[in-house]
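Colleague: In my numbering, the protein residues as written are 31 to 402. Glycine residues also receive a C-beta, built at the ideal position from the N, C-alpha and C atoms.
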Ligand code: SF4
């Protein structure tokens, strides 16, 4: 089964913390979309099995007009065999999800929303320079549900300096009361070269505190499972049957093709490639005028490192039979290295090594120690 990702590199406003590739100018929009249709044709042979998931991410795919959205889907359905029950997700910003947009999406193949709520408190949204209000966020969820969309994921961010303990608990409880079946929660990180990085450096905004990040991660890792959500990946929680099929294929090392500026692809074996993070260079590249992607061949060591890290992030953990495919005794070596670290971080038996929520907070460090 294959997974297809499409990156729509346009936003109305730049969130201070964002380091994804996007442009707030819409000038190149028609040319980028045309180039993406071209890329879908050029790379159609790379998709060798029926498509089980399509994900429109960005950027802000919800700012596309209906005809733009359908132009993309028509091309995909013309070129590829898409499974009848494929998961088809669109990332949406709450301010876009009005009655017209909901009607348009209903008439498209989309069957799953990923809504970028981030917080239900206006102070937090202002700190992050989000374009929408807390009220927009509530309307968006309710509007989607009232229009028959039950497969909804909501993104939250924790560790925002304006977010109090009570405010965070309230954000989580609100999603539980909306009965949203999938929740992704990410720590606010200050990436270099983002506006947030410069604003903190110039002391215009406060920096996130590690203590709040740890506390708020522990809160959500405790509250959601007790409300019936499975903590199936470090940042992801789902009700039964609502795991993200698309993101799960990334974590399971399956093949996927990424279309659009900055999109990444993996052949499921040892080749990764990524498109240039620049709209003009992408357009020119597709016209044959310049290089537009880079390729990396993974060494055996890199593959093992990636596999350990993604396995630890997921509830399934590291399994003996999978670990030993990298070499005899590999699983026992991991267990041996794990015993040198805090027992609070692991939940192990004879054949599986998993992280506890406190271990998940140390995932990068633990990965390196296990591979020592
Ligand atoms: S809407 Fe999403 S992609 Fe656009 S700037 Fe904000 S976080 Fe980044």
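Leaving out five residues before and five after residue 338 in sequence, what residues of the same chain have Cβ atoms less than 7 angstroms from its Cβ?
Modeller: Excluding residues within five positions, the ones whose Cβ falls inside 7 angstroms are 348, 397, 400 and 401.
Colleague: Out of 243, 61, 170 and 231, state which residue places its alpha-carbon closest to the alpha-carbon of residue 198.
Modeller: Measuring from the Cα of residue 198, the nearest candidate turns out to be 243.
Colleague: In the structure shown, what three-state DSSP assignment does residue 253 receive?
Modeller: Three-state DSSP puts residue 253 in a helix.
Colleague: Given the structure, does residue 50 come close to the ligand SF4, in the sense that its CB is under 7 angstroms from one of the ligand's heavy atoms?
Modeller: Yes, the Cβ of residue 50 comes within 7 angstroms of a heavy atom of the ligand SF4.
Colleague: Count the C-beta pairs between the region 161 to 175 and the region 139 to 150 that are closer than 8 angstroms, then say yes if the count reaches three, no if not.
Modeller: Yes, they touch.
Colleague: Spatial neighbours of residue 180 within its chain, please: CB distance less than 8 angstroms, with the 5 preceding and 5 following residues excluded, ordered by chain position.
Modeller: Closer than 8 angstroms at the Cβ level, and outside the excluded window around residue 180, lie 211.
Colleague: In whole angstroms, give me the CA-to-CA distance for residue 79 and residue 267.
Modeller: Whole-angstrom Cα-Cα distance: 28 angstroms.
Colleague: For residue 288, which residues of its own chain have a beta-carbon under 6 angstroms away from its beta-carbon, when the five flanking residues on both sides are left out?
Modeller: Excluding sequence neighbours, residue 288 sits near 35, 294 and 295.
Colleague: With a threshold of 7 angstroms (Cβ to nearest heavy atom), would residue 189 be considered close to the ligand SF4?
Modeller: The answer is no for residue 189.
Colleague: Assuming contact is defined by CB atoms lying nearer than 8 angstroms, are residue 202 and residue 149 in contact in what I supplied?
Modeller: It is not a contact, given that the beta carbons lie outside the stated cut-off.
Colleague: Would you mind stating whether residue 127 and residue 101 have Cβ atoms separated by less than 8 angstroms?
Modeller: For residue 127 and residue 101, no; Cβs fall outside 8 angstroms.
Colleague: So what does DSSP say about residue 48, is it helix, strand or coil?
Modeller: Coil.
Colleague: Quick one: Cα of residue 94 to Cα of residue 153, how far?
Modeller: Approximately 28 angstroms between the Cα atoms of the pair.
Colleague: Between residue 393 and the ligand SF4, is the CB less than 7 angstroms from at least one heavy atom?
Modeller: No, since every heavy atom of the ligand SF4 falls outside the 7 angstroms radius drawn around the Cβ of residue 393.
Colleague: Give the straight-line distance between the Cα atoms of residue 430 and residue 206, rounded to the nearest whole angstrom.
Modeller: This structure does not reach residue 430, given that the chain is present from 31 up to 402, and the question cannot be answered.
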